[in-house]
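*Asks:*
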Amino acid sequence: MSKEFIVGDYMFSSLEEANIAKLELDKIEKLNEKLVGADVELLYKVYNKSIEKNTFKTPVGLEYMKAIKKKLEKSPSFKADILPIPVNALPHDELSAEERNESLKRYKNESKKYSTFFKWSLFINAVLVIVIIALFVITSTSKNPNILNYENALVDKYSAWEMELEERERAVKEKEANLP
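Residue numbering for the sequence shown follows our numbering, beginning at 2 and increasing consecutively.
Written as structure tokens, this is what we have:
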């Protein structure tokens, strides 16, 4: 987030909210200049007027209202009459038509990008599944020894050698027997 979204100790999600908070911060500074050394009665009037006119809406302004409320609570004469601080969330849904159209275009572009990505991803996954199936078919039908049939292939190979050796041995023994 950029620094233009930060006002005081708060980071806002939009430039509009940050600007409202900056305006409230300016109001707070002007009020503080006028209220230096003011009595509790004037603070009470400012507090009630701010609530009545809904002057402060952001956390910056609400924090200031809370500070005034704490000062008023210390005074026994106003303690029972202090109104609670109203919290009215900033309207996020109130976008101008231009902002709404711009936002809609941005989301459509993003959805097209992800839609294209999704289609390519499905295509590549389908190709990979076909390749894997083909590899299994080749492996299972192949005559070469592989991980699926290496034991049988080795047993067959050695039994063939053994039979061949036995035949040669018999042939050699027959030739020896025929010799004088």
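Cβ atoms here follow ideal geometry from the backbone N, Cα and C, with glycine treated the same way.
Can you say whether F119 is buried or exposed, counting buried as having 16 or more other CB atoms within 10 angstroms of its CB?
*Replies:* Here residue 119 refers to the residue found at position 118 when the sequence shown is read from its first residue. When all chains shown are included, F119 counts as exposed.
*Asks:* When the Cβ atoms of the segment 23 to 33 are set against those of the segment 49 to 64, are three or more pairs found closer than 8 angstroms?
*Replies:* Yes, since at least three Cβ pairs between the segment 23 to 33 and the segment 49 to 64 fall closer than 8 angstroms, the two stretches touch.
*Asks:* To which residues does DSSP link M12 through a beta bridge?
*Replies:* Numbered from 1 along the sequence shown, position 11 holds the residue referred to as residue 12. Note: M12 sits in a beta bridge opposite I7.
*Asks:* Could you tell me whether the Cβ atoms of V41 and L84 are closer together than 8 angstroms?
*Replies:* Here residue 41 refers to the residue found at position 40 of the sequence shown. Here residue 84 refers to the residue found at position 83 of the sequence shown. Not a contact, by the Cβ cut-off of 8 angstroms.
*Asks:* Determine the closest residue to S51 out of L16, A19 and P87, with distance taken between C-alpha atoms.
*Replies:* In the sequence shown, the residue the question calls residue 51 occupies position 50. Selected option, being the one with the closest Cα: P87.
*Asks:* Would you grab the beta carbon distance between V47 and I21 for me? Rounded to a whole angstrom, and I think it's under 8 angstroms.
*Replies:* Your numbering for residue 47 matches position 46 in the sequence shown. Your numbering for residue 21 matches position 20 in the sequence shown. V47 to I21, Cβ: 20 angstroms. No contact.
*Asks:* State buried or exposed for Y65, treating a residue as buried only when at least 16 other CB atoms are found within 10 Å of its CB.
*Replies:* Position 64 of the sequence shown, counted from the first residue, corresponds to residue 65. So Y65 ends up on the buried side.
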